Amino acid sequence: MAIKKISSVALKKNLESIRLAGLLFCLTPVAAAVAQTAAPVDSLTVAAAPEAVVNDEAYRVVVTGARAPVALKDTPQRIEVVTRQEIRETPHRELADLLGKTTNVDIKRYPGMNGSVGMRGFTPSSPMTGESMQTLVLQNGIPAVNNNISFMPVNGVARVEVMKGPASSLYGSQAMSGVINVIPVRRTGDIQGGVGVSAGNHNLRQVEADIGGAINETLNFDYFGNWEKRGDYKDGHGQTMEFSGYKQHSHGLRLGAELAPGWTLDARADLFRANDVQNPGPDPEIRQFETSKDADRDLYSLTLQGKVDQHTLSAAAYTGKENYLNYDLKKDGRLVQSYDSRIKWHGLQLKDEWDWAEGYKLVFGYDYNQTKASARSGTPPWTFSYNPDSKLKTHGLYAQQNISLNEGSTNLYVGGRYDRITMSTLPTDGLGNVTQSRDFSQFSPSAGIKHELAPGISLHASAGKGFSAPSAWKLSGEYSGSDWKQDANGNWYPVPITYVGNANLDPESSVSVDAGIGFERDNWNMDLTLYHTRVKDKIVAYDVSPGLKSWRNADEARMRGLELAGNWQFNPNLRLDLGYTHSFRSEQRNGSVWSPLEYVPKNTVRAALVGNWDKLHARLGARYNGKSWKSRAERGGYTLWDMSLGYAINKHHTLSLSVDNLFDRYYEEVHGYNMPGREIRVGYRWNFR
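The sequence shown runs -35 to -1, 1 to 654 under mature numbering (1 follows the signal peptide of the UniProt record, and there is no 0).
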């Protein structure tokens, strides 16, 4: 009877989603008709001036994903931009959730602030299993190193750029499927800022503050702070997920100096702390897999930029660290430390943008990065190492020639990057002499073109190679762990397993091509892109024997699909955003057997109806996540809705209301892990300027 009841609830929620989708579809032409007769009114939002039409916005938006500023309309690569306005208006828990609602990406989240992102058929890299990363995450152009993007706060972010397709020709390893660049706000005008407070169900409490601007003609600064606490949430079936709350706070500080005309120096410090981050585990009813963790992450950088004749020069030095402590909850209520992970990294970036002729810009530079990682299991003082400490050192040289012809109607680029990677395992207590070193060399070329066939109609295409180096602990080491199984009654139980490294692993490598057509009109735009990727030497886990696992380079993987993105501006007040991804093929081959890649939906659809009036903002959004393979079985899809309202009492005071998972849908992004049901938030913000 319980199964039937759950099925009935799920069916009811599906019908609610279908009815609202039909209502939205029917209301769209009505809204457009009303909009045609409505008198234009000013918008209080920052990113969209009332007189701006979609086409003009495309001409003004400048992106830096290709390591040099370029107008979004001129880029052959597919780049999606999430603006600061969209960040404020879209209900989200963290960065992965935000990207899933605003861009064409695949996301995978666990309870307990564990999130990852994949693109174009690549499986989202899991922060829980240490899989090789194929999507590179940057923080203001600097490697974020960790693949758990839930640890990257979004307050203080000016925009997020999502560049699709291989970017190893510019960024090196881990950029096979694309690059996510999180770019912070930089204010140099009059000092402005604000303070916001919000509260909601599931015992949500949040306080955020920001201030920034020019101190005098030479100095400027920015500060962003956020404190957040959440309690246990309820899933879509109304079940309280005990032991699912957390506390976190983050701070970002920038000090800038205008050294001379055209020369700037910025020092940044970004800190993140999360405490008592609880995870109820894959089976909350029996409560035997509950864990908690503490995490802290720091990133410090110093960036110098200036112009000399035809050269725009920049140099950046950075250092960062991330510490991660995991605890198991025992039956007597004690939290016992079970895992300790530490990562440190530092590096240097040098770049020259040389405008050597009209329409010709050569971007070239050098990157250096060194990352050290260590992990310990057990309870102090009886800790032990199950894989060796490691060091990854990378030297990269890159160059890309950008060419603009025919008065800007034809834009193309060709470039490449050479990487020299040294991967070492270090002396580690308890593992004896495991010191080894392995060198990789990789050259990654790329090219692309975008041509305007007629006003508002353009063709674009790009091709490139990408690669991802294996983790050091997949090359060597031997350690014990657990694999999780389900019995006939659906109960989970651990199975002891031993992992052994493979010293003969090669880097994963890929060749990708895409081609598409774009349309831009006064009040709408659309882009359709087809992509095809083939991966060689894909690293996968396999069973050496019962109870023994290792890694090997599988024969290959291939991904093929299409992406559709666009929006329709009814008038200055109403806009419909749409996105669709269809995966024709996303699979890997082991021997003669092809199997689907996990966590890659066959279809993904997102839509948002956004309205901005004199003092009122409104958003209604939906995301359909289609069927996909999870835990070696095909799992059904689901639709999630969200909405937000904002009312500006005046230029200083704003009230807000948001509802995530509007219809309280039960869903799992990872099989067995129940995600939050309906979440309601009310907020107030005071602005000054």
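Yeah, the Cβ is synthetic: ideal placement off N, Cα and C, and Gly gets one too. Just so you know, these numbers come straight off a predicted model, no measurement behind them.
Query                                                                                                         : Result
Other residues of its chain near P131: CB distance less than 7 Å, five sequence neighbours each side excluded : A140, M141, S411, G429, K430, G431, S475 and S477
Burial state of V575, where buried means 16 or more other Cβ atoms lie within 10 Å                            : buried
Cβ pair Y292, T336 closer than 9 Å                                                                            : no
Three-state class that DSSP yields for V11 in the structure shown                                             : Since pLDDT at V11 reaches only 31, below the 50 mark, its modelled position is unreliable, and the value read off the structure follows with that caveat. It is coil, neither helix nor strand.
Within 9 Å, strictly: CB atoms of Q243 and D200                                                               : no
Member of S623, L220 and G512 whose CA lies at the smallest distance from the CA of H582                      : S623
Proximity of P472 and S433 at Cβ, strictly below 9 Å                                                          : yes
Identity of the residues DSSP links to F329 by a beta bridge                                                  : D317 and A364
Buried or exposed (CB count within 10 angstroms, at least 16 for buried), S409                                : buried
Per-residue DSSP class, three states only, for F116                                                           : helix
Assigned secondary structure, Y292 (DSSP; H/G/I helix, E/B strand, else coil)                                 : strand
Distance CB(R650)-CB(G165) smaller than 9 Å                                                                   : no
Stretch pair the stretch 217 to 231 + the stretch 259 to 270: three plus CB contacts closer than 8 Å          : yes
Buried/exposed call for V110, threshold 16 Cβ in 10 Å                                                         : buried
N652 versus H618 - alpha carbon distance                                                                      : 6 Å
Straight-line Cα distance separating S389 from G466                                                           : 13 Å
Cβ-based neighbour list, M608, same chain, cut-off 8 Å, excluding 5 preceding and 5 following                 : P56, A583, R584, L585, G586, S623, V624 and L627
Host alpha helix (DSSP H) of E54 (start-end)                                                                  : R49 to E54
DSSP-derived helix/strand/coil call for K430                                                                  : strand
Buried or exposed by the 16-neighbour rule on C-beta atoms within 10 Å, applied to D508                       : exposed
Test item: CB-CB of R43 and D492 under 9 Å                                                                    : yes
Segment contact, 8 Å Cβ cut-off, at least three pairs: the stretch 567 to 574 with the stretch 546 to 559     : yes
Residue burial classification, R299 (beta-carbon count within 10 angstroms, cutoff 16)                        : exposed
Distance between beta carbons of Y378 and N371, contact taken as under 8 Å                                    : Not confirmed; about 15 Å, so no contact.
Residue range of the unbroken alpha helix (DSSP H) whose run includes D520                                    : Here D520 belongs to no alpha helix (DSSP H), and DSSP marks it neither H nor E.
Simplified DSSP state of W578, which is helix, strand or coil                                                 : coil
CA-to-CA distance, G591 to E599, given in whole angstroms                                                     : 10 Å
8 Å CB neighbourhood of Q157 in its chain, flanking five on each side removed                                 : I176, G177, G178, N652, F653 and R654
Nearest to S306 (by Cα), restricted to the options Q314, G312 and N288                                        : N288
Same chain only: Cβ atoms within 8 Å of L103, ignoring 5 sequence neighbours per side                         : A109, Y136, V144, I145, N146 and V147
Separation of V505 from E634, as counted between CA atoms                                                     : 21 Å
Proximity of E424 and G512 at Cβ, strictly below 9 Å                                                          : Here residue 424 turns out to be Leu, not Glu, going by the sequence shown. Not in contact: L424 and G512 (Cβ atoms no closer than 9 Å).
Neighbour-count burial assignment, H276, 16 or more Cβ in a 10 Å radius                                       : exposed
Rounded straight-line distance, which links the Cα of D297 to that of Y188                                    : 43 Å
D39 - DSSP class collapsed to helix/strand/coil                                                               : helix
Residue burial classification, S510 (beta-carbon count within 10 angstroms, cutoff 16)                        : exposed
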